[in-house]
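Participant:
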Amino acid sequence: MKKLFLFVVLCTFVLSLVSCGPKRSQAYYDQPSQVLSANFDGSYVIRTQVRSKDAVTAFTDAQRKVVKEVIFNGVKAANNGVSDLKPLCFDMNAQEKYEDYWNAFFSDNGPWKQFTSYKDRRAVTTGYERDGRQMVETGTVTVDRAGLKKKLQDDGIIPKEGRY
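Per this note's numbering, the sequence shown starts with residue 5, numbered consecutively.
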């Protein structure tokens, strides 16, 4: 009887220690954006993931995020034979150097909207996950990289010749 009692007390103690561990987070881990395909008009289809409170904001944030990645970071290709996209702006200090330009460019009604669309959106690449506070949208965005490059060259942000 004593052994049974000690066993129950020991099990209760061990279970209480296990349950007092760190709480599991339900946070979503952002996946990097991926190039899905290249079109012949200089545009690219890119899959990205964003978090937002509602669907309208998520669509806008997805488009804005993809344009920023194309300009500053470049985008890795998925395993489908398309090459990686190099960033359009190689100047590391371009965000600080042209801060006023970027603030106007990425404003809510800024020119960045001209270079994105959902025309190549596919049902299988769009997904929504919701919890009580936020929505995670995985969406497909088409970016006119050639038009974006020409706009940045015309505005003097990137040089017209050289490695661009």
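Virtual Cβ for every residue (Gly too), placed ideally from N, Cα, C. The structure presented is a predicted model; accordingly, all values stated were derived computationally and were not measured.
1. Going by the DSSP bridge assignment, what does T52 pair with across the sheet?
2. Helix, strand or coil for L40, going by three-state DSSP, please let me know.
3. Going by DSSP in three states, A59 sits in which element: helix, strand or coil?
4. Based on DSSP bridge pairs, tell me the residues matched to A81.
5. With DSSP as the reference, label V13 as helix, strand or coil.
6. Leaving out five residues before and five after V147 in sequence, what residues of the same chain have Cβ atoms less than 7 Å from its Cβ?
7. Using 8 Å as the threshold, is the stretch 52-68 in touch with the stretch 88-97, meaning 3 or more CB pairs across them?
8. Over what stretch of residues does the alpha helix (DSSP H) that includes F110 continue unbroken?
9. In whole angstroms, what is the alpha-carbon distance linking A150 and D45?
10. Assign L8 to buried or exposed, taking buried as 16 or more other Cβ atoms, counted over all protein chains shown, within 10 Å of its Cβ.
11. Just to confirm, are F63 and Y122 a CB contact at a threshold of 9 Å?
12. Look up L8 in the DSSP assignment and say whether it is helix, strand or coil.
13. Count the other CB atoms, across all protein chains shown, that sit within 10 Å of the CB of E165; report buried if there are 16 or more and exposed otherwise.
14. Kindly indicate which residue of E100, P36, D112, G114 has the alpha-carbon position closest to the one of D88.
15. Using C-beta distances below 7 Å, list every residue in its chain close to S29, excluding the 5 sequence neighbours before and after it, in chain order.
16. From the DSSP secondary-structure annotation, give me the bridge partner or partners of T120.
Facilitator: Here's the rundown:
1. Position 48 of the sequence shown holds residue 52. DSSP lists G143 as partners of T52.
2. In the sequence shown, counting from the first residue as 1, residue 40 sits at position 36. Three-state DSSP puts L40 in a strand.
3. Numbered from its first residue, the sequence shown carries residue 59 at position 55. Reduced to three states, the DSSP call for A59 is helix.
4. Reading the sequence shown from its first residue, position 77 is the one you call residue 81. DSSP output for A81 lists V39 as bridge partner(s).
5. Within the sequence shown, residue 13 is the residue found at index 9, counting from 1. Three-state DSSP puts V13 in a helix.
6. Along the sequence shown, one-based indexing puts residue 147 at 143. Contacts found: S47, Y48, I50, V70, V71, V74, F119, T120.
7. no
8. On the sequence shown, position 106 is the one that residue 110 refers to. Segment: none, F110 is in no alpha helix (DSSP H) and carries neither H nor E.
9. As a position in the sequence shown, residue 150 is number 146, starting the count at 1. As a position in the sequence shown, residue 45 is number 41, starting the count at 1. Going from the Cα of A150 to the Cα of D45 covers about 8 Å.
10. Here the question's residue 8 lines up with position 4 in the sequence shown. The residue is exposed, with fewer than 16 neighbouring Cβ atoms inside 10 Å.
11. Working through the sequence shown from its first residue, we reach residue 63 at position 59. Working through the sequence shown from its first residue, we reach residue 122 at position 118. Yes. Within cutoff.
12. Taking the first residue of the sequence shown as 1, we reach residue 8 at position 4. Residue state, collapsed to three classes: helix.
13. Residue mapping note: residue 165 aligns to position 161 of the sequence shown, counting from 1. E165 is exposed by the Cβ-count criterion.
14. Position 84 of the sequence shown, counted from the first residue, corresponds to residue 88. Looking at the Cα atoms, P36 is the closest of the given residues.
15. Residue mapping note: residue 29 aligns to position 25 of the sequence shown, counting from 1. Summary for S29: the model assigns pLDDT 46, below 50, so the residue's position carries little reliability; its value from the coordinates is reported in the next sentence. None.
16. Numbered from 1 along the sequence shown, position 116 holds the residue referred to as residue 120. Answer by DSSP bridge pairing, in chain order: V147.
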